[in-house]
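Inspection log for the structure reproduced underneath, given as structure tokens.
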Amino acid sequence: MQHLGRTSALPASPEAATLDFVPNPRPERPYLIRFTAPEFTSLCPVTGQPDFAHLVIDYVPQAAIVESKSLKLFLGAFRNHAAFHEDCTVGIAERLFAELKPYWLRIGGYWYPRGGIPIDVFWQSGAPPAELWLPPQDVPGYRGRG
0 MQHLGRTSAL PASPEAATLD FVPNPRPERP YLIRFTAPEF TSLCPVTGQP DFAHLVIDYV
60 PQAAIVESKS LKLFLGAFRN HAAFHEDCTV GIAERLFAEL KPYWLRIGGY WYPRGGIPID
120 VFWQSGAPPA ELWLPPQDVP GYRGRG
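Going by numbering that gives the first Met the number 0, the first residue of the sequence shown is number 0, and it counts up by one from there.
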């Protein structure tokens, strides 16, 4: 555990961020874990201006769960990271899926308008387990996003 119980600085970049994992306390049954980041920020790679999104990350753990402080620091590392919405959203999902190795993972990236057009990006690893209760992400289409 690199972060839990310690003072941790914001990583300089998403690549420099370390994700910590703890054993799944209920590995015998499928259940959903949801993280919501309503104030996610990154930078436009063209203008350098900030971009804002409401992220919803859902996953069904296998052997481990992601430690929330390390996830918060990983997501915070995008604050000074220049990338398009699609790259940020899918990159977060792919990194979590590769390192966490969940049964299933999906992300909804609900981005606030850039140039008057909101760009929403979605990714999932495949079909969710059949017996899983999968609540909707409930982030409305842009109308002041809130």
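Think of the CB as a built atom: it goes at the ideal place given N, C-alpha and C, for glycine as much as any other residue.
Bear in mind the structure is a predicted one, so any value in this text is a computation, not a measurement.
Using the DSSP secondary-structure output, state which residues sit across from A63 in a beta bridge. P22
Using C-beta distances below 7 Å, list every residue in its chain close to Y109, excluding the 5 sequence neighbours before and after it, in chain order. A52, H53, D119, V138, R144
First and last residue of the beta strand (DSSP E) that includes G114? Where G114 is concerned, there is no enclosing beta strand (DSSP E), given that its DSSP letter is neither H nor E.
So, using beta-carbon positions, are P24 and I56 closer together than 9 Å? no
Quick one: is W103 buried, meaning 16 or more other Cβ sit within 10 Å of its Cβ, or exposed? buried
Can you give, in chain order, each stretch of the beta strand (DSSP E) that sits fully within the stretch 84-131 and has at least 3 residues? 103-110, 119-123
Based on Cα-Cα distance, which residue from K68, R28, A76 lies nearest to R5? K68
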